[in-house]
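**Student:** Please see the structure below; I have some questions.
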Amino acid sequence: MKRLILLLFSLVFIAGCQTGPNIDLEKVEALDGEGHRIVSTTVALTEMMDALDLDLIGKPSSYKNLPERYEEVMEVGNPMSPDMELILALQPKQLLSVTTLQYDLEPLFEKNGMEAYYADLKSVEHMLKEIETFGAMYGREQEAANVVAPFYTMIEEMEQKTASFEKPRVLILMGVPGSYLVATEHSYIGNLVKLAGGKNVIEGEDVEYVASNTEYLQHAEPDIILRAAHGMPDEVVEMFDREFQENDIWKHFKAVQDGRVYDLEERIFGMTASLAAEEALHTLHAMLYESEGRR
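Per numbering that gives the first Met the number 0, residue 0 is the first one in the sequence shown, and the count goes up by one each step.
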């Protein structure tokens with residue numbers, strides 16, 4: 000189970016890494032006008048640094064488009080296996096990662112004599128608190144306030160919008176090529192479902208993901224099934240399609256019978272919270288409510 004969850008992360012961010020310690024420190028300093036010397040190791044954190052108008056001296060390697068302001072910034076490898084030789088050569092004052100990866104990365108960082116700041120991005124609310132923390136940390140309080148204010152307003156409006164309706168029961172499948180898990184309310188997408196007015200059919204767990212048991216899931220009677228594809232989205236969607244066609248039990252799910260099975264776009268439904276959460280929440284609300292004419 001643990002290996003599969005780690006695979007989810009490594010597939011999401013996998014990309015070619017620049018290696019080697021040949022670094023022009025004068026160029027690095029030129030890219031870091033205020034001298035914060037921040038290395039960001041995930042895409043979500045990099046986007047947050049951009050929103051706070053902060054320079055970086057290191058960014059993650061990713062197939063995703065990163066903010067244009069960091070075009071000349073050195074890549075330091077994917078979030079699950081950053082290039083420590085490169086990071087050490089950059090001499091950062093702060094190394095940024097996420098709590099979801101802390102268990103695996105902390106020994107590596109400590110072995111190399113480095114401390115990292117692990118941001119909690121397991122939910123939208125935690126992300127907003129982290130943005131405010133970064134704002135205070137780097138003198139970007141106003142920028143942070145400008146970023147988080149629309150999110151707090153949206154969350155309140157979403158709660159008011161769905162308060163009078165019975166919450167649809169939602170099953171979330173998190174897939175990578177060849178396998179999938181079930182996301183609980185403690186996962187980021189589980190948090191999005193809750194904020195959008197849905198009820199996760201998996202309750203009473205204290206982890207983010209659990210193994211799939213289709214017979215148990217059928218008895219949970221989900222109104223809606225969400226399928227999140229990560230790593231190689233097209234391949235994972237094909238895997239889900241085969242599973243739903245070849246495994247006879249799925250045709251007995253009410254959500255399947257009602258045609259309420261939705262594939263989530265990886266660009267906005269990541270493994271951790273990001274600034275795409277606003278678009279993700281509006282997308283989920285449409286899936287949960289607007290298809291039934293309820294707004």
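By construction, the Cβ of each residue, glycine as well, lies at the ideal position given by its N, Cα and C atoms.
Please read these numbers as outputs of a predicted model, since none were measured by experiment.
#1: Please name the residue in 56, 262, 236 whose C-alpha comes closest to that of residue 92.
#2: Could you give the DSSP three-state label for residue 48: helix, strand or coil?
#3: In this structure, how does DSSP classify residue 57 when only helix, strand and coil are distinguished?
#4: Does the distance from the CB of residue 229 to the CB of residue 174 come in under 8 Å?
#5: If distances are taken between C-alpha atoms only, which option among 234, 136, 99 comes closest to residue 51?
#6: If you compare alpha carbons, which of 149, 67, 62 is closest to residue 296?
#7: How long is the line joining the alpha carbons of residue 18 and residue 260, rounded to whole angstroms?
#8: Have a look at 139, 65, 213 and flag the residue whose alpha-carbon is nearest the alpha-carbon of residue 33.
#9: How big is the Cα-Cα spacing for residue 262 and residue 233?
#10: Assign residue 190 to one of three DSSP states: helix, strand, or coil.
#11: When you compare only the Cα positions, how much space is there between residue 272 and residue 206?
#12: One question on the structure: do residue 38 and residue 94 come within less than 8 Å of each other, judged by their Cβ atoms?
#13: Quick one: Cα of residue 110 to Cα of residue 236, how far?
#14: Can you name the residues that DSSP bridges to residue 163?
#15: Work out the CA separation of residue 43 and residue 274 for me, nearest whole Å.
#16: Using the Cα positions of residue 79 and residue 104, report the straight-line distance between them to the nearest angstrom.
#17: To the nearest angstrom, report how far apart residue 16 and residue 83 are at their CA atoms.
#18: Helix, strand or coil for residue 174 per DSSP?
#19: Going along the chain, which residues of its own chain have a beta-carbon closer than 8 Å to the beta-carbon of residue 185, five neighbours each way excluded?
#20: What does the alpha-carbon distance come out to for the pair residue 176 and residue 124?
#21: According to DSSP, is residue 113 helix, strand or coil?
#22: Taking the CB atoms as reference points, tell me whether residue 35 and residue 157 lie closer together than 8 Å.
#23: Return the CA-CA distance between residue 239 and residue 112, expressed in angstroms with no decimal places.
#24: What span of residues does the beta strand (DSSP E) with residue 285 cover, start to end?
#25: Below 8 Å on the Cβ atoms is my guess for residue 253 versus residue 220; work out the distance and round it to an integer in Å.
#26: Give the DSSP-derived three-state secondary structure of residue 261 in the structure shown.
#27: Count the other CB atoms, across all protein chains shown, that sit within 10 Å of the CB of residue 59; report buried if there are 16 or more and exposed otherwise.
#28: What are the boundary residues of the beta strand (DSSP E) that includes residue 93?
**Tutor:** On the basis of the supplied data:
#1: Closest by alpha carbon: 56.
#2: In this structure, residue 48 counts as helix in the three-state DSSP scheme.
#3: Three-state DSSP puts residue 57 in a strand.
#4: Yes; because the gap between Cβ atoms is below 8 Å, this pair is in contact.
#5: Considering only alpha carbons, the answer is 136.
#6: Any question about residue 296 goes unanswered here, given that the chain covers just 0 to 294.
#7: Reliability fails at residue 18, whose pLDDT of 42 lies under 50, so the model's placement of it is uncertain and the value that follows must be treated cautiously. Distance between the alpha carbons of residue 18 and residue 260 is about 42 Å.
#8: Closest in C-alpha terms to residue 33, from the list 139, 65, 213, comes 139.
#9: Residue 262 and residue 233 have their C-alpha atoms spaced approximately 11 Å apart.
#10: In the three-state DSSP reduction, residue 190 falls in the helix class (H, G or I).
#11: The alpha-carbon separation between residue 272 and residue 206 amounts to approximately 16 Å.
#12: For residue 38 and residue 94, yes; Cβs fall inside 8 Å.
#13: Their Cα atoms are separated by approximately 39 Å.
#14: As computed with DSSP, residue 163 is found in no beta bridge at all.
#15: Cα to Cα, residue 274 sits roughly 7 Å from residue 43.
#16: For residue 79 and residue 104, the distance between alpha carbons rounds to 7 Å.
#17: Its pLDDT being 41, under 50, residue 16 is placed unreliably in this model, and the value from its coordinates should be taken loosely. When rounded, the distance between both Cα atoms is 12 Å.
#18: Correct three-state label for residue 174: strand.
#19: Around residue 185: 121, 204, 205, 206, 207.
#20: Pairing residue 176 with residue 124, the inter-Cα distance amounts to about 30 Å.
#21: Residue 113: coil per DSSP, three-state reduction.
#22: Result no, Cβ atoms of residue 35 and residue 157 do not sit closer than 8 Å.
#23: Straight-line Cα distance between these residues: approximately 43 Å.
#24: First-last for residue 285: 276-287, but that is the alpha helix (DSSP H), not the beta strand (DSSP E).
#25: Yes, they are in contact, since the Cβ atoms of residue 253 and residue 220 sit about 6 Å apart, within 8 Å.
#26: Strand.
#27: Buried is the label assigned to residue 59, since at least 16 other Cβ atoms lie within 10 Å of its Cβ.
#28: Run containing residue 93: 93-97, per the beta strand (DSSP E) assignment.
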